[in-house]
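Numbering (the numbering used here), first residue to last: 296 to 619. In what follows, a structure is listed as structure tokens, so that the remarks can point back to it.
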């Protein structure tokens with residue numbers, strides 16, 4: 296603060312001669328957020344991408360669209376002839392934060408990364424920009440090149456989700472699942488299904504991948520889809536994920552009905568699982584359309600509690616007490 300007082304008292308003449316120094320002085324003392332808010336135009340903003348990135352973070356957090364617009368214009372001025380990978384990454388990250396992913400892609404396209412770590416950083420940033428711009432083809436290609444560069448399966452590579460103001464605020468998700476998202480968005484569900492079904496992991500994530508692969512794989516025969524569902528059911532049972540197992544059996548019933556086949560075996564397995572889990576609703580859903588099971592369906596319906604009934608999930612008002 297003493298530096299600010301010095302500049303505002305002892306440097307009046309210099310500031311009067313060079314009014315552009317005022318925003319930069321405030322930035323040095325108060326930080327980039329202050330700079331982003333007080334700068335009246337593009338030319339008054341600094342040429343340091345790191346400062347502009349901090350300004351974009353502040354403007355995005357506060358929802359200041361005019362400030363983000365000025366910062367984007369300045370970033371585009373600086374991105375005409377980037378000097379190296381560090382500047383390219385900073386400029387593209389700032390443009391992403393300022394919600395200009397297409398411009399971030401253009402900045403990256405002006406630079407040719409060297410092999411190795413530099414190319415990995417560049418590909419990762421290209422994927423993030425392409426995903427944010429909804430350019431799914433470029434995003435998919437970036438992920439495939441990243442996997443080839445690292446020589447490992449996409450399911451073992453975790454990547455950040457979204458373009459939040461800070462990296463620590465972003466969740467991580469496997470590149471394989473994100474690539475499947477891009478393929479599905481491109482109208483290639485069969486490729487997405489093949490990718491998901493090729494996963495070799497275990498646990499709940501694997502069960503969900505297999506389930507999604509079966510649902511997307513409409514080009515597979517009913518027998519093939521059944522085999523994948525059975526594999527997913529075995530994995531779900533191994534980790535005691537009974538909710539997922541119930542969903543898988545529901546999928547199996549639905550797929551058989553859609554194919555015009557008898558779903559009796561899947562229905563019976565689902566009913567047995569419902570009884571084991573005391574899932575009256577799940578059993579009632581399967582029995583309610585069967586005329587031979589009408590009495591059982593009615594008994595289950597009576598068993599299901601209304602939300603307003605005692606023991607239901609509706610809030611019961613507390614009776615008022617009358618003071619004597």
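All residues carry an ideal CB built from backbone N, CA and C; glycine is no exception. In this text the structure is predicted, and so the values were computed from the model without any measurement.
Straight-line spacing of the CA atoms in residue 446 and residue 410 works out to 14 angstroms. When Cβ pairs closer than 8 angstroms are counted between the two stretches, the region 436-456 is seen to touch the region 467-485, the count reaching three or more. Scanning 363, 424, 395, 414 for the CA closest to the CA of residue 379 turns up 414. If you draw a straight line from the Cα of residue 520 to the Cα of residue 556, it is about 13 angstroms long. Annotation: the continuous beta strand (DSSP E) that includes residue 469 extends over 467-469. For residue 455, the uninterrupted beta strand (DSSP E) run begins and ends at 453-455, by DSSP.
For residue 517, the CB contacts under 6 angstroms within the same chain, skipping 5 residues up- and downstream, are 554 in chain order. Under the three-state reduction of DSSP, residue 344 is assigned to helix. Sixteen is the threshold: when 16 or more other Cβ atoms of the shown chains lie within 10 Å of the Cβ of residue 494, as they do, the residue is buried.
Residue 472 sits in a helix when the DSSP states are folded into three classes. Considering only 416, 347, 484, the residue with the shortest C-alpha distance to residue 386 is 347. Inclusion of residue 527 and residue 511 in the CB contact set at 8 angstroms is not warranted, their separation being larger than that value. Taking all protein chains in view, the Cβ of residue 367 is crowded by 16 or more other Cβ atoms within 10 Å, so the residue is classified as buried. DSSP places residue 393 outside both helix and strand once states are collapsed to three, so it counts as coil. Under a 10 Å Cβ-count criterion, residue 392 is classified as buried, with 16 or more other Cβ atoms of the shown protein chains found around its own Cβ.
Linking residue 426 to residue 400 through their CA atoms gives a straight-line distance of about 10 angstroms. Annotation for residue 375: no alpha helix (DSSP H) segment contains it, and DSSP assigns it neither H nor E. For residue 375, the closest C-alpha among the options 388, 404, 356, 355 is that of 404.
The Cβ neighbour count for residue 513, taken over all protein chains shown within 10 Å, is under 16; the residue is labelled exposed.
Residue range 499-511 is occupied by the alpha helix (DSSP H) that includes residue 503. Residue 490 places its beta carbon 8 angstroms or farther from that of residue 509. One alpha carbon belongs to residue 351, the other to residue 531, and they sit about 45 angstroms apart. Counting C-beta pairs closer than 8 angstroms gives three or more between the region 560-568 and the region 537-550, which meets the contact rule. Close CB contacts of residue 444 within its chain, under the 8 angstroms cut and outside five residues either way in sequence, are with 414, 415, 418 (chain order).
If you look at residue 541, you'll find it in the alpha helix (DSSP H) that goes 537-553. DSSP, reduced to helix, strand and coil, places residue 410 outside both helices and strands of the structure shown, so it counts as coil. When C-alpha distances from residue 365 are compared across 402, 382, 389, 478, the shortest belongs to 389. Only buried fits residue 536, as 16 or more other CB atoms lie within 10 angstroms of its CB.
Between the C-alpha atoms of residue 384 and residue 482 there is a straight-line separation of about 31 angstroms.
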